[in-house]
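K.L.:
Have a look at this one before I ask anything.
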Amino acid sequence: SGPQVRPWIRFWARTFDTLVFGVLLGILLGLFLPEVLEIADSVFNIVLLLIISFVAATSFALYGTTPGKAIFLISVRNADGTKLSFGEAVVRELKVLLRGLGLGIPLVSLVTQIVCYSRLTGNGDTSWDRDANLTVSHQNIAVWRWFLILVVIGGFITLISWGASVE
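Per the numbering used here, the sequence shown starts with residue 85, numbered consecutively.
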């Protein structure tokens, strides 16, 4: 455990968070603001990723982690070992959204993710973590945890597929 360069683990943790928060937000929006679901997909995706950024920042501030980072045993801390404040987490998440995910815009996102992957594997950090002087560390993931991750992700994919077929 400790500081390590594990881009794929970070990718899957982010994907897990996006699935969890996205499905929950989609359900809430569908129940309480169904007209929002009628906007263009590209705009909706950007808005959804922006909302997810604030939800993830709130999770960081309250619990010191997000569900994806918790299940993948990733820790993001300030240089002194303290958890991120809400403000620090918002800034980090918005930088991830812009620099790492390219706002979720299809080809832009592909380019930003490739650039960030290269930087992380080459320099050992991402620009948003370097800017804030954050330490990202990982623990080894047990086999039972991998099984749990696959079950949960499979469940969310099934839920999304079912939701799409009901429309």
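Where a beta carbon is used, it is the ideal one built from N, C-alpha and C, also for glycine.
Any chance the region 158–168 sits against the region 199–212, with 3 or more Cβ pairs inside 8 Å?
P.N.:
Using a C-beta cut-off of 8 Å, the region 158–168 makes no contact with the region 199–212, since fewer than three inter-stretch Cβ pairs fall below that distance.
K.L.:
By the DSSP assignment, the alpha helix (DSSP H) with residue 150 in it spans what residues?
P.N.:
The sequence position of residue 150 within the sequence shown is 66, counting from 1. Where residue 150 is concerned, there is no enclosing alpha helix (DSSP H), because DSSP gives it neither an H nor an E.
K.L.:
Which residue's Cα is closest to the Cα of residue 140: 230, 131, 170?
P.N.:
Stepping through the sequence shown from its first residue, residue 140 is reached at position 56. Distance from the Cα of residue 140 is smallest, within the candidate group 230, 131, 170, for 170.
K.L.:
Tell me which residues share the same chain as residue 188 and place their Cβ nearer than 6 Å to its Cβ, disregarding the 5 neighbours each side in the sequence.
P.N.:
Numbered from its first residue, the sequence shown carries residue 188 at position 104. For residue 188, where only same-chain residues beyond five positions count, the Cβ hits under 6 Å are 129, 130, 133.
K.L.:
By the three-class DSSP mapping on this structure, what secondary structure does residue 157 have?
P.N.:
By one-based count along the sequence shown, residue 157 stands at place 73. Residue 157: coil per DSSP, three-state reduction.
K.L.:
Kindly confirm or deny that the region 198–206 and the region 85–102 touch, where touching means at least three C-beta pairs closer than 8 Å.
P.N.:
With a cut-off of 8 Å, the region 85–102 and the region 198–206 count as touching, because enough Cβ pairs lie within range.
K.L.:
List the whole-angstrom C-beta distance separating residue 113 from residue 240, where the pair is believed to meet the contact cut-off of C-beta under 8 Å.
P.N.:
Along the sequence shown, read from residue 1 onward, the residue named residue 113 stands at position 29. Along the sequence shown, read from residue 1 onward, the residue named residue 240 stands at position 156. Between residue 240 and residue 113 the Cβ distance is about 16 Å, and since that is not below 8 Å, they are no contact.
K.L.:
So if DSSP puts residue 162 in a beta bridge, which residue, or which two residues, is it bridged to?
P.N.:
Translated into positions along the sequence shown, residue 162 becomes position 78. DSSP lists 218 as partners of residue 162.
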